[in-house]
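Protein chains in written order, with our numbering: chain U, 1 to 529; chain G, 530 to 957.
Even glycine gets a Cβ: it sits at the ideal position worked out from N, Cα and C.
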Amino acid sequence: MPPRTLKLLASTARSIQTEVLVIGGGSTGSGVARDAAMRGFSTVLVERRDLADGTTGRFHGLLHSGGRYAVKDPSAAIECINENRILRKIAPDCIEDTGGFFVATPWDDPAFGDRFLAGCRSTGVPVQEVSVDKALRREPRLHPGIKRAFSVPDAAIDPWKLVWSNVRSAQEHRARVLTYHRVLSLDVAGGKVVGAVLRDERSGEEISVHAEVVVNAAGAWAGQIAAFAGCEVPVLPGKGVMIAMNHRLVQTVLNRCKMPGDGDIIVPIRTTCVIGTTDVHITDPDQTEITKNEVDFMLDEGEKLVPGFRQARALHAWAGVRPLFQETHAKDIDTRDVTRSHALLDHEKRDGVGGFVTITGGKTTTYRLMAEVAVDTVCEQLGVQRPCRTAKEPLPGSERRATYQLGARLGAREPLPQDEEIICECELVTRSHLEAAIARRETDSIDDIRRLLRVGMGPCQGGFCIYRATALLHGDRHLDYATTNRALLEFLQERWKGLHPILFGDQLRQTRLDDWIFQGLLDVQHLPK
Amino acid sequence: MTYDVIVVGAGLAGLTAALRLAEHDRRVLVIAKGVGATHLAPSAIDVLGYAEDKRVESPQSALAGFVGSHPGHPYAYVSAESIAEALDWMSKSVPELGYQGRLDENWLLPTAVGVPKPSALVPETMVAGDLRRGGRFVFVGLSGLKDFHASYLADNLAHAELPARVSTRFVELDPPHGRSADPGSVGFARRFDDQQFRDWIVQALAGRLEADETVGFPAVLGLEKAGEVWRDLEHRLEHRVFEVPLLPPSAPGMRLYGALTAALRRAGARIVIGDSVSAGGSEDGRVAAVSAQGASRPVMYRASSFVLATGGFASGGLVLDSHGKVRETVFGLPVAGMPEAGKPLFSSRYLDAQPLSHAGLAVDAHLRPVDKDGQVVHENVYAAGAILAGAVPWREHSGNGISLSTGYAAAAAILKQAAAVSSTAAGD
Numbered sequence: 001m002p003p004r005t006l007k008l009l010a011s012t013a014r015s016i017q018t019e020v021l022v023i024g025g026g027s028t029g030s031g032v033a034r035d036a037a038m039r040g041f042s043t044v045l046v047e048r049r050d051l052a053d054g055t056t057g058r059f060h061g062l063l064h065s066g067g068r069y070a071v072k073d074p075s076a077a078i079e080c081i082n083e084n085r086i087l088r089k090i091a092p093d094c095i096e097d098t099g100g101f102f103v104a105t106p107w108d109d110p111a112f113g114d115r116f117l118a119g120c121r122s123t124g125v126p127v128q129e130v131s132v133d134k135a136l137r138r139e140p141r142l143h144p145g146i147k148r149a150f151s152v153p154d155a156a157i158d159p160w161k162l163v164w165s166n167v168r169s170a171q172e173h174r175a176r177v178l179t180y181h182r183v184l185s186l187d188v189a190g191g192k193v194v195g196a197v198l199r200d201e202r203s204g205e206e207i208s209v210h211a212e213v214v215v216n217a218a219g220a221w222a223g224q225i226a227a228f229a230g231c232e233v234p235v236l237p238g239k240g241v242m243i244a245m246n247h248r249l250v251q252t253v254l255n256r257c258k259m260p261g262d263g264d265i266i267v268p269i270r271t272t273c274v275i276g277t278t279d280v281h282i283t284d285p286d287q288t289e290i291t292k293n294e295v296d297f298m299l300d301e302g303e304k305l306v307p308g309f310r311q312a313r314a315l316h317a318w319a320g321v322r323p324l325f326q327e328t329h330a331k332d333i334d335t336r337d338v339t340r341s342h343a344l345l346d347h348e349k350r351d352g353v354g355g356f357v358t359i360t361g362g363k364t365t366t367y368r369l370m371a372e373v374a375v376d377t378v379c380e381q382l383g384v385q386r387p388c389r390t391a392k393e394p395l396p397g398s399e400r401r402a403t404y405q406l407g408a409r410l411g412a413r414e415p416l417p418q419d420e421e422i423i424c425e426c427e428l429v430t431r432s433h434l435e436a437a438i439a440r441r442e443t444d445s446i447d448d449i450r451r452l453l454r455v456g457m458g459p460c461q462g463g464f465c466i467y468r469a470t471a472l473l474h475g476d477r478h479l480d481y482a483t484t485n486r487a488l489l490e491f492l493q494e495r496w497k498g499l500h501p502i503l504f505g506d507q508l509r510q511t512r513l514d515d516w517i518f519q520g521l522l523d524v525q526h527l528p529k
Numbered sequence: 530m531t532y533d534v535i536v537v538g539a540g541l542a543g544l545t546a547a548l549r550l551a552e553h554d555r556r557v558l559v560i561a562k563g564v565g566a567t568h569l570a571p572s573a574i575d576v577l578g579y580a581e582d583k584r585v586e587s588p589q590s591a592l593a594g595f596v597g598s599h600p601g602h603p604y605a606y607v608s609a610e611s612i613a614e615a616l617d618w619m620s621k622s623v624p625e626l627g628y629q630g631r632l633d634e635n636w637l638l639p640t641a642v643g644v645p646k647p648s649a650l651v652p653e654t655m656v657a658g659d660l661r662r663g664g665r666f667v668f669v670g671l672s673g674l675k676d677f678h679a680s681y682l683a684d685n686l687a688h689a690e691l692p693a694r695v696s697t698r699f700v701e702l703d704p705p706h707g708r709s710a711d712p713g714s715v716g717f718a719r720r721f722d723d724q725q726f727r728d729w730i731v732q733a734l735a736g737r738l739e740a741d742e743t744v745g746f747p748a749v750l751g752l753e754k755a756g757e758v759w760r761d762l763e764h765r766l767e768h769r770v771f772e773v774p775l776l777p778p779s780a781p782g783m784r785l786y787g788a789l790t791a792a793l794r795r796a797g798a799r800i801v802i803g804d805s806v807s808a809g810g811s812e813d814g815r816v817a818a819v820s821a822q823g824a825s826r827p828v829m830y831r832a833s834s835f836v837l838a839t840g841g842f843a844s845g846g847l848v849l850d851s852h853g854k855v856r857e858t859v860f861g862l863p864v865a866g867m868p869e870a871g872k873p874l875f876s877s878r879y880l881d882a883q884p885l886s887h888a889g890l891a892v893d894a895h896l897r898p899v900d901k902d903g904q905v906v907h908e909n910v911y912a913a914g915a916i917l918a919g920a921v922p923w924r925e926h927s928g929n930g931i932s933l934s935t936g937y938a939a940a941a942a943i944l945k946q947a948a949a950v951s952s953t954a955a956g957d
């Protein structure tokens, strides 16, 4: 039997036996899966959509130095700087070492800088005050009226690469990863969670998983998962809006030197820079509309750091949902609330429900630590002692211990003779890159390919490459016309969600060209269904 | 230097107005920041492809109803007769493109994703793609051409709603690589200009075409010698051959631009590309001059009349700022058709009607921009093409039709105005 068929059979088996079932394919869940698998547990990771499709893939891309929390939340700052150091060793390929500035703009109290310095020093965040002149020389677009500037080891981190490397590592340690599988229910027997029922969202088939421990790493959705086991986990979804600008207006992460607030961070990441963010409590983590007021607020705050921000070209906007955990539980004395920055709930101690652990709250910077404490609890519940190794072993792709450099794709491409078509000119994706990704992902979703290769994420927002990618998907995966057309239209709608809130200036001009290509030239609205 | 007419913008609307005026011995200057949307679009002239989401079979019959339900649409300012006249003029003005078609029926041509698209006037290289009478079609893919995927096209077209039965299939050719592995459609078009390359294509297709099949190629059949390339292929393949338009840049669009600018130069007009244009002063409600800024200092050009054909948001004729304010970029003319203050400019569904899409210039019966009270802003400024309010060309499939007919009408209005002035003068 050919290997592909074997794989297919294995993944459609009706029942799966595992020691650890991890729910949630974001940074935390993929970190937990890697950690558990490296400690020798048989592990299954389940995610209702694609990897990093939730909060992880929708943040600003900041690898915290801890500076942001140095005054407000010192324990979070300590965790951040520790993990920042660890991630630079184990995941350098996911990190661009931009460095960071905290600056006092004319709207900020320069005296806060002293509290900031003291906070950084007491939490061990390396900090250095730099002269305004020097800061302006390094970042010429920075507001010339800044009063003070401090340098910290902030950096930019690529969330998709991070999750993918964790998952690859988990798979190398024999973990199984089921994307597009939704948890329908948890099986509870004798006061213990013993497994879950999943639905394959593509085939509709139901699968039961028997697990000794279930780790709930569903982030903002953790409350929904915990409810399946009768546990109340109050997670308040907090919506944060971000806007990617088409240029790297800054080369260094810029933070306002003040108590953390909205719209006070700009992160240079890849060929863009991202401004974030807001914090609005919402009831449903799947409802993340972006309002005009939020966009205006973000642009106005951008002006305070970088004058002329409103004249720059906005590329795309999105909203991520933070999981804000607030313990209201009567028995919270039993909660192993390691710090205020994340929440680890051992439901055996908290709710009398065994075989069930929730890890939520936190931030991508501390995902590895969260995974470590979660798997420590798994060990405890299973009565075994197995040390965590994730702080030492580099992730796949990061073995060379070199950080990502802007232009790496071009650098890799340039010395080779050009022997094939470039499908996405904005992000330099060649035809063989794309076809390899299509084969590897085994997906009919262009958005899944985008998360892997960044096709459609550049200035033209897919105007040129998406027709090509769609047609290659049709050919390479032998899709019928209807499935192919659906994939195209779904991608265009998904893209539009992030475009219409920020359409003005040059991006409107680009969008009109794209409208003309898709609706005028190709006439996609009349594709056969 | 003083001109009779300065046309700002070198797309289809501007070039049409300019050529029409030059043909009447007016001294014409065309000045533009860059080439226009001709380089983006297939050279077919869509007049009206869809009305109320229904495919239009005859623009001639549909126009009256369409204008009735779309007051303020550019077609409200040009009669069906003058559109028909403009189509006819176009065919004659650029005979080398061999335009065919009339206002009373739409051709139905496949797009690159295999959707049948209505179009009134099409160049001879596309005519055989007409799907209305059905038939057997084979599409030729070329390896290395990333903007044409014959199998996807053929699959969709086989499932399209059509008045007659159509069967489709595709063949893939692997032509010898030239110097570039990614030449793009313009690179391929240049290769088709070369006889040896065509020899290879003809040989590669030998024995692979079935009787009665019509052969669809990507629209790369030559850049300089398109008519010759197409005729040569039809002759040697002994099959009917046609081109399917591709993503920009468009080889057929470049041919159209080449043909129109050549005709303009023959008619004595001057064309300046590469300058940003702004208002250069007005007196007594009339614009006296425009200021053009290229690489060096600004230059003032004076004229008796001006045609503004700078396009909409896509071409930079209109700009929306981050506060939601819209600006016409040359004369700062008032922009009509904006959603009310506080109302959203866009819908959250991509394929829904978008509230901003109707924004543009409102005009009087002579295509002169008016303010919100309907008063003409400048006596001697006329507007044509995509800058006009009230149309959604990419959904109506009306873009080139609007550009051609309003460019033609703006020229007519200027000629008529001049005639009126000179007859008044004669009467004195």
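Open item on the list: Can you pull the chain G neighbours of Pro528 (chain U), defined as C-beta to C-beta under 7 Å?
Closed with: Against Pro528 (chain U), the close residues of chain G are Asn685, His688 and Ala689, in the order they occur along the chain (beta-carbon pairs closer than 7 Å).
Task: Residues near Ala918 (chain G) in its chain [Cβ-Cβ closer than 7 Å; skip 5 each side] - done: Gly601, Ala865, Gly866, His887, Ala888, Gly889, Leu890 and Ala891
- [ ] Check whether the Cβ atoms of Phe677 (chain G) and Pro747 (chain G) lie closer than 8 Å to each other.
- [x] In this structure, Pro747 (chain G) lies closer than 8 Å to Phe677 (chain G) by Cβ.
Open item on the list: Taking only three categories from DSSP, how would you classify Asp332 (chain U)?
Closed with: Unreliable positioning characterises Asp332 (chain U) in this predicted model, as indicated by a pLDDT of 46, which lies under 50. The coordinate reading is nonetheless provided below. Helix.
Open item on the list: I'd like the span of the alpha helix (DSSP H) that includes Asn166 (chain U), first residue to last.
Closed with: Pro159 to Glu172
- [ ] Please confirm if Leu521 (chain U) has its CB atom under 8 Å from at least one CB of chain G.
- [x] yes
Open item on the list: What does the Cβ neighbour count give for Arg14 (chain U), buried or exposed, with the cut at 16 atoms within 10 Å?
Closed with: Under this definition Arg14 (chain U) is an exposed residue.
- [ ] Just mark Glu372 (chain U) as buried or exposed, buried being the case when its beta carbon has 16 or more other beta carbons within 10 Å.
- [x] The residue in question, Glu372 (chain U), is buried, as its Cβ has 16 or more Cβ neighbours within 10 Å.
Task: Spatial neighbours of Arg58 (chain U) in its chain, beta-carbon cut-off 6 Å, leaving aside the 5 residues before and after - done: Trp318 and Gly320
Task: Where Cys426 (chain U) falls: helix, strand or coil (DSSP) - done: coil
Open item on the list: Taking its Cβ as the centre, do 16 or more other Cβ atoms sit within 10 Å of Ala679 (chain G), making it buried, or is it exposed?
Closed with: buried
Task: DSSP-derived helix/strand/coil call for Cys465 (chain U) - done: helix
Task: Same chain only: Cβ atoms within 7 Å of Arg182 (chain U), ignoring 5 sequence neighbours per side - done: Cβ neighbours of Arg182 (chain U) beyond the five flanking positions: Arg48, Leu198, Arg199 and Glu201.
- [ ] Check Val950 (chain G) in the structure and name its three-state DSSP category.
- [x] helix
Task: C-alpha distance - Ala175 (chain U) paired with Gly407 (chain U), whole-angstrom precision - done: 33 Å
Task: Backbone secondary structure at Trp923 (chain G) - three-state DSSP - done: helix
Task: Neighbouring residues, chain G, relative to Ala471 (chain U) (Cβ below 7 Å) - done: His678 and Tyr681
Task: Beta-carbon neighbours of Ile569 (chain U), restricted to chain G and to distances below 9 Å - done: Absent from the model: residue 569 (chain U). The displayed extent of chain U is 1 to 529, so no value can be given.
Task: Buried versus exposed call for Pro387 (chain U) [16 or more other C-beta atoms within 10 Å across all chains shown] - done: exposed
TODO: In the DSSP assignment, find the alpha helix (DSSP H) that holds Asn293 (chain U) and state where it starts and stops.
DONE: Membership of Asn293 (chain U) in the alpha helix (DSSP H) is indicated by the continuous run Lys292 to Leu305.
- [ ] Below 6 Å CB to CB, which residues in the same chain sit around Phe842 (chain G) once its five sequence neighbours on both sides are set aside?
- [x] Closer than 6 Å at the Cβ level, and outside the excluded window around Phe842 (chain G), lies no residue.
Task: Test: Asp93 (chain U) CB closer than 8 Å to a CB of chain G - done: no
Open item on the list: Going by DSSP, what residue range makes up the beta strand (DSSP E) through Cys273 (chain U)?
Closed with: Where Cys273 (chain U) is concerned, the enclosing beta strand (DSSP E) stretches over Thr272 to Gly276.
- [ ] List the residues of chain G that Arg14 (chain U) touches, going by C-beta distances under 8 Å, in chain order.
- [x] Those do not exist, as Arg14 (chain U) stays about 34 Å from chain G at its closest Cβ, beyond 8 Å.
Open item on the list: Within 8 Å, do at least three Cβ pairs link the region 125-141 of chain U to the region 14-28 of chain U?
Closed with: no
TODO: For Pro774 (chain G), decide whether its Cβ has a neighbour in chain U, counting only Cβ atoms nearer than 8 Å.
DONE: Residue-level contact check: Pro774 (chain G) touches chain U, since one or more beta carbons of chain U fall below 8 Å from its beta carbon.
Open item on the list: Between which residues of its own chain and Thr43 (chain U) is the CB-CB distance below 6 Å, once the five residues before and five after are set aside?
Closed with: Val20, Ala33, Ala36, Ala37 and Ala175
Task: Chain-ordered residues of the region 426-437 of chain U with a beta carbon less than 8 Å from chain G - done: Arg431
- [ ] Could you have a look at Ala37 (chain U) and say whether DSSP puts it in helix, strand or coil?
- [x] helix
Open item on the list: Helix, strand or coil for Ala319 (chain U)? Go by DSSP, reduced to three states.
Closed with: strand
Open item on the list: Rounding to the nearest angstrom, what Cα-Cα distance links Asp617 (chain G) and Arg631 (chain G) in this structure?
Closed with: 8 Å
Open item on the list: Considering Cα atoms alone, identify which of U:Ile446, U:Ile517 and U:Arg413 is closest to Cys460 (chain U).
Closed with: U:Ile517
Task: Three-state class that DSSP yields for Pro781 (chain G) in the structure shown - done: helix
Open item on the list: Between Ala888 (chain G) and chain U, is any beta-carbon pair separated by less than 8 Å?
Closed with: no
TODO: With DSSP collapsed to three states, give me the class of Arg121 (chain U).
DONE: helix
- [ ] Could you name the residues of chain U that Arg760 (chain G) contacts, counting a contact when the two beta carbons are closer than 8 Å?
- [x] Those within 8 Å of Arg760 (chain G) in chain U number zero; the least Cβ separation is about 26 Å.
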